[in-house]
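Asks: Quick note, the sequence shown lines up with residues -16 to -1, 1 to 681 if you use mature numbering (1 follows the signal peptide of the UniProt record, and there is no 0).
The C-beta atom is built at its ideal place from N, Cα and C for all residues, glycine as well.
Remember, predicted model here, so these are calculated numbers, not experimental data.
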Amino acid sequence: MLHLTLCILAVANALALPANQTFEPSIANNVVSSIRLRTLIVGSTSDAVILPENVVQGYGAPYDIILGSQPPLDGDDWHSIVVADSGVNNTWVREYAARTHARIVFLQSVEDAQDAELLGVDSVPTPISNVTVADTDSARYLAGVFNTTSSWNVSEIAPMAVSVLNTSIATPYLVFDNANKTADLSAAAFVTNTTLGTQEMHFRFRANEAALTADFEPFYTLPTEFTQMNLALGHSWFEWVTRGVFLGYRRLTLNIHVDDWFINSAIRYTDEIYRINSSDVETYVEWRKNFHDNVLPTGSEFKLEPAYNGAGLGMTGYNDTSLNEATYTYADEFNWVSHTWSHMNMDWLEDWQCDGQHKVCHPLPEHYDAELGYNQKVARGEGIASDEYIELYYGEDATPPHQFLDNRTELMQYHYSVKSLVTPEISGLWPASYNGTPPTGRVPYLKNTLFFSKLVEYGIENVVGDNSRPELNNELMYHGVFSTVEEYGYDGILIVPRWSPNIPFNCKTLECAVQFYDTEGACSWTTYGPACDPDKVWDGPGVINREAKASTIPLLQQRWDPYMFHQSNVHAQPYRGGFAPLVGQFVQEVAEDVLRYITGLPFVSIKMDDLAVMYRERMTRDDAKQYGTLQMNAAGEPVSVSVSGCEDFNSVVTITTNSPLSFAEQVNVTLYGTDVSAFKLVTPDQPAVFNVTGSII
């Protein structure tokens, strides 16, 4: 029972403020002191800490929050401090930082009579409303992954300029965007080695300001962009204040699901029966190469992820089979996940399958066997003869062998998610406790235990949800939802959150998207964005760009949720003098908008199985109340990072290339942009130890 007692003590210390006791496992004979790898956020109000809390949560890093009165800080419980607003008494924060060498970032630094003596700066008139990164190597270093060439208007968030009086202690970071960006005469943000012995970063505007709720959801209307800018700045100040060493990691994930691959759709407004063809696939391949070569940061890896319906490979009898051949040829240009065999609703049979009765009959075991099992067969390259189909499909056209992935080793291992499923219409996922108002046309079937039993039988561990359905969302946006026996009949199936942009599933052209805005009011459905002007005349690029901008904040928040599109949306459309898939235009507009703020983080598409592992590991780390310590020798030099927790979990420590620390050993290391992340297992009895070298002084 010793490990349980120690774990409870450790968690109590992690949550108690101030912490008067700590449990630090002895890991090496030369360790004589330590400091927690944990961030303290202090603010005078709960609203003031929303943005910094969101930034730190995006990394999955441990943190504490103190609001209002501040106690004296004993111990060594934080290696980084974020002062969220100007209402905080800074004396005790600086006393702690001077003693422990913790860095401090002030997100709403204001003029003080001691600025010249303490910080080496002095207030001057604000010359202009826009700020940019100073054109110096030191400023670019401070920026980290933040865009060093863009310019942002800060007029709404109380900008104040300073001049640097003492260049031996103060260094400009952001400057007002006038002709002389390298001058020390008009800084909007700076770092300083104060005369108190502390290292501080100051923003002389409200870098804590964000139009976000307490749950980090964007306000409905965001006509200006200070929220995006301040979230992006978070990637800069968090790396600096932690010295580039922290628990957790960062990712810009661009996961685009394309549902209904291989089957056709009735096109909106025209009723044309349409399925994409080889020309559309080839346009995607060409556009994707150009996108990588000319838009994305180095190290990026983007792929569409079709959610396929295998019935379209042969059983449906389509005359044009060029999509099948192109898919086989270019399969490695995509990631792949199952969307059931025929797109059957997992709760209700169609009227023609139920003697004309609507939403009365549920699928039988044999239906689930076909919908799940057949799709796995065709991925393995197996065919299905006409007389091998279940009764519902008996006698239909045979599905030929050697289609699609054809069991090719590299495709099956690196591109295919055999453990995941996208259910048609997000069916099969109504929990037993659901008592809300379902979306139009949906009829809930609560606790579909048979369906979940078939998921288990076919080795499916992950399904996708819908961010518009509250019952499928976790209170914490960085978590998925686990099924339970009480709600679904089975434990442990992960429901991954997913976005649904306002591009209809059956639109293949830009004109269709415009008509959707004009005639059905889709403009007002966006999560946030400029107010909808009823007199505005929309065009295709404008609609796509507006929908894309709704993704900027979630990506800057490091949300991993995939986005839902459909096969019709892959149709090639005119784009910037050439052609690109409709969905490709959305993706490129998303990336380019994010790159206005962040340029140093690659965009990556992660196949569904691997993405689910990321969610599971993040949720387990958070549940384990992970905590880490930076261990130092008698000379005050870091020698190791120790990570502990109350459950088994896969710990991760990240050190950026800007950090004064580095790993002394590299075991199970992942490289991402400027980051090196190392992973090791933790048990309640055994911390993970990462050997490091460098200095924090």
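Can you tell me the Cβ-Cβ gap for Leu566 and Lys492, rounded? I've got them flagged as a contact below 8 Å.
Replies: 7 Å
Asks: Does DSSP classify Gln542 as helix, strand or coil?
Replies: coil
Asks: Could you round the C-beta distance between Val66 and Val94 to whole angstroms and report it? I think they count as a contact, below 8 Å.
Replies: In fact, because the Cβ distance is near 16 Å, the residues do not count as touching under 8 Å.
Asks: Which of the three DSSP states, helix, strand or coil, is assigned to His276?
Replies: helix
Asks: Once you ignore the five residues that flank Thr116 on each side, which residues in its own chain have a CB closer than 6 Å to its CB?
Replies: The beta carbon of Thr116 sits closer than 6 Å to the beta carbons of Ser135 and Asp161 from its chain, once the five residues preceding and following it are set aside; these are given in chain order.
Asks: Which residues bound the alpha helix (DSSP H) around Phe388?
Replies: Element bounds for Phe388: n/a, residue is neither H nor E.
Asks: Considering only residues of the region 72 to 149, which uninterrupted beta strand (DSSP E) runs meet the minimum length of 3 residues and lie entirely inside it, listed in chain order?
Replies: 87 to 90, 105 to 108, 114 to 117 and 145 to 148
Asks: Would you report the Cα separation of Arg605 and His186, rounded to the nearest angstrom?
Replies: Distance between the alpha carbons of Arg605 and His186: 32 Å.
Asks: Kindly examine the ligand HEM and report whether one of its heavy atoms sits closer than 7 Å to the Cβ of Tyr656.
Replies: Although the ligand HEM was asked about, the structure shown includes no ligands whatsoever.
Asks: Here's the rule I'm using: 16 or more other beta-carbon atoms within 10 Å means buried, otherwise exposed. How should Leu24 be labelled?
Replies: Buried.
Asks: Going by CA-CA distance only, name the one from Ser643, Arg227, Lys664 and Pro644 that's closest to Val653.
Replies: Lys664
Asks: Rounded to whole angstroms, what is the Cα-Cα separation between Asp316 and Tyr442?
Replies: In a straight line, the C-alpha of Asp316 is about 24 Å away from that of Tyr442.
Asks: DSSP three-state call for Val344: helix, strand or coil?
Replies: coil
Asks: Considering only residues of the same chain and omitting the five flanking positions on each side of Pro9, which have a CB-CB separation below 7 Å?
Replies: Confidence at Pro9 is low in this model, with a pLDDT of 38, below 50, so the placement of that residue is unreliable and no value is reported for it.
Asks: In the structure shown, what three-state DSSP assignment does Phe647 receive?
Replies: strand
Asks: If you draw a straight line from the alpha carbon of Ile368 to that of Pro384, how long is it in whole angstroms?
Replies: Ile368 and Pro384: Cα-Cα distance of roughly 7 Å.
Asks: So, for Asn114: in the same chain, excluding its five sequence neighbours on each side, which residues have a beta-carbon less than 8 Å away from its beta-carbon?
Replies: Ser135, Trp136, Asn137, Val138, Phe160 and Asp161
Asks: Using the Cα positions of Trp224 and Phe563, report the straight-line distance between them to the nearest angstrom.
Replies: 42 Å
Asks: When you compare only the Cα positions, how much space is there between Pro156 and Lys533?
Replies: 31 Å
Asks: How do the region 118 to 127 and the region 192 to 204 stand: do at least 3 beta-carbon pairs fall below 8 Å, yes or no?
Replies: No contact exists between the region 118 to 127 and the region 192 to 204.
Asks: Going by C-alpha to C-alpha distance, which of Ser401, Gly296 and Gln212 sits closest to Gln387?
Replies: Gly296
Asks: Near Arg364, which residues of its chain fall below 6 Å by C-beta distance, leaving aside the five closest residues on each side in sequence?
Replies: Asn391
Asks: Measuring alpha carbon to alpha carbon, tell me which of Tyr418, Asn457 and Met328 ends up nearest Val406.
Replies: Shortest Cα-Cα distance from Val406 to any of Tyr418, Asn457 and Met328 involves Met328.
Asks: Mind checking whether Val72 and Ser28 have CB atoms under 8 Å apart?
Replies: yes
Asks: Can you tell me whether Glu394 is buried or exposed, with buried defined as 16 or more other CB within 10 angstroms of its CB?
Replies: With fewer than 16 other Cβ atoms within 10 Å, it is exposed.
Asks: Taking the straight line between their C-alpha atoms, what separation do you get for Glu495 and Gly524?
Replies: 6 Å
Asks: Which residues mark the beginning and the end of the beta strand (DSSP E) in which Leu231 is found?
Replies: Val229 to Leu231
Asks: Pull up the DSSP beta-bridge partners for Ser18, would you.
Replies: Gln615
Asks: In terms of alpha-carbon separation, which member of Trp483, His276, Leu102 and Glu285 lies closest to Asp243?
Replies: Trp483
Asks: What is the residue span of the beta strand (DSSP E) that Gln557 lies within?
Replies: Ala556 to Tyr559
Asks: Would Asp99 and Asp106 qualify as a contact pair, given that the criterion is a beta-carbon distance under 8 Å?
Replies: yes
Asks: For Glu649, which residues of its own chain have a beta-carbon under 6 Å away from its beta-carbon, when the five flanking residues on both sides are left out?
Replies: Correct list, in chain order: Asn675.
Asks: In angstroms with no decimal places, state the Cα-to-Cα distance between Asn319 and Ala173.
Replies: 42 Å
Asks: Please state the DSSP three-state secondary structure of Val521.
Replies: coil
Asks: Which residues share a DSSP beta bridge with Ser416?
Replies: Note on identity: in this sequence residue 416 is Ala, with Ser being the wrong assignment. Residue pairing by DSSP leaves Ala416 without any beta bridge partner.
Asks: Among Ile50, Leu439, Pro55 and Gly59, which has the Cα closest to the Cα of Ile19?
Replies: Gly59
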